[in-house]
Amino acid sequence: GAYTFSFPKVQVSGEWPDGGNTDIIQVQLSITAADEAPTITRKKNSPAAVIAKASAEAIS
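Heads up, the sequence shown is in our numbering, so the first residue is 16 and it goes up one at a time.
Here it is in structure tokens:
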């Protein structure tokens, strides 16, 4: 299934990246919910998606 994540307020921390204009830079960030709890909502499957999945399974 598919889910939607909502983070009303977050705190982000990490190291400042170092590199030149043409360098590929990797950054690791830590994200923490702050002051308000996050919410996770499950998306409903549309009828077309259910039919497409059933058709694909029938073919394979």
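Glycine included, each C-beta is placed from N, C-alpha and C at the ideal position. Being a predicted model, the structure only gives us computed values, none of them experimental.
- prompt: On the three-state DSSP scale, how would you describe I40?
  reply: coil
Backbone secondary structure at A67 - three-state DSSP: helix
field: C-beta contact flag for T56 and Y18 at 8 Å
entry: yes
- prompt: Using the C-alpha atoms, what's the distance from S21 back to N36?
  reply: 33 Å
task: In angstroms with no decimal places, state the Cα-to-Cα distance between D33 and Q43.
output: 12 Å
task: Return the chain-ordered list of same chain residues with a C-beta closer than 7 Å to the C-beta of P23, the five sequence neighbours on each side being excluded.
output: E51
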